[in-house]
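Counting from 1167, one number per residue, gives the positions in the sequence shown under the working numbering.
Please read the structure below before turning to the comments.
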Amino acid sequence: MLRIIAGKYRGRKIATGKHLAVRPTMSVVREAIFNILSSKKPIYNLNVLDLFCGSGSFSFEALSRGAKHAFMVDSDYYNLQLSKKTAKDFGITDNITLICCSASQLPKIISQCDIVFIDPPYNSNLAYPTLDGLVNSVWLSDDALIILEIRKNENFEYNKNFNIILERTYGIAKIIFLSLST
């Protein structure tokens, strides 16, 4: 069972189901990410783009901690329905936008985002085309912070257009913080 870790909705349940077609980010990893974010880029009043959102745990944690809006992208319609249910339960449907598409082929920009969370299925090789798609879109604000979660033994050598700020490993997860190259 997934719960919000901190903020306005602390302790509230995030809708999941037996048909959830993803591996949710562990709460210890989410907590570590938000602890790092608090020192690097406070989330209050920022727009969040959550790619491969699954249950939406990252988006809902961000909204609980003061983010303004979350754009939740997943290619699985059922996953988005779970996120819709959670938003309705929390009374925050106006603070989310659900987008059913491939994370590497985002639609026309709705709003620039300050924080992007990318959590593709492990060993799927989707991180690279997703980052390429982000660069070719205008979804990113100039000082956007990108957080990528991959399996710890996956190689990640992506120097084009991004700088690696920080890498951390938690269990089987590797978290990489990136910024746009200037």
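Glycine included, every Cβ here is placed at the ideal spot set by N, Cα and C.
(1) For Ile1338, does the three-state DSSP call read helix, strand or coil?
(2) Taking contact to mean 3 or more Cβ pairs, one atom from each stretch, closer than 8 Å, check whether the stretch 1169-1183 and the stretch 1242-1261 are in contact.
(3) Check the DSSP bridge columns for Phe1224 and list the partner residues they point to.
(4) I'd like to check one pair, Leu1217 with Val1239: are the Cβ atoms closer than 8 Å?
(5) Just to confirm the assignment, what range does the alpha helix (DSSP H) spanning Asn1245 have?
(6) Closest to Leu1311 by C-alpha separation, out of Cys1279, Cys1219 and Ala1269, would be which residue?
(7) Which residue or residues does DSSP assign as beta-bridge partners of Thr1263?
(8) Look at Leu1332 and Phe1322 and say whether their C-beta atoms are less than 8 Å apart.
(9) If contacts are defined as beta-carbon pairs under 8 Å, then Phe1226 and Tyr1288 qualify, I think. What distance do you get, rounded to the angstrom?
(10) Tell me whether Ile1202 sits in a helix, a strand or coil according to DSSP, three-state version.
(11) Along the chain, where does the alpha helix (DSSP H) containing Leu1297 start, and where does it finish?
(12) Using the Cβ count rule (16 or more neighbours within 10 Å means buried), how would you classify Asn1302?
(13) Starting from the Cα of Thr1263, find the closest Cα among Ile1275, Ser1270 and Gln1271 and give me that residue.
(14) Select from Ser1221, Gly1173, Leu1215 and Ile1313 the residue whose C-alpha is nearest the C-alpha of Val1304.
(15) Let's see if you can read the secondary structure: which residues bound the beta strand (DSSP E) around His1322?
(16) What whole-angstrom Cβ distance do Gly1299 and Leu1272 have, given they're in contact under 8 Å?
To lay it out plainly:
(1) coil
(2) yes
(3) According to DSSP, which records beta bridges pairwise, Phe1224 is partnered with nothing at all.
(4) yes
(5) Tyr1243 to Phe1256
(6) Cys1279
(7) Phe1237
(8) no
(9) Contact flag wrong, Cβ pair sits at about 22 Å.
(10) helix
(11) Ala1293 to Val1301
(12) exposed
(13) Ile1275
(14) Leu1215
(15) For the sequence presented, residue 1322 should be read as Phe rather than His. Neither: Phe1322 is in no beta strand (DSSP E) and is coded neither H nor E.
(16) 6 Å
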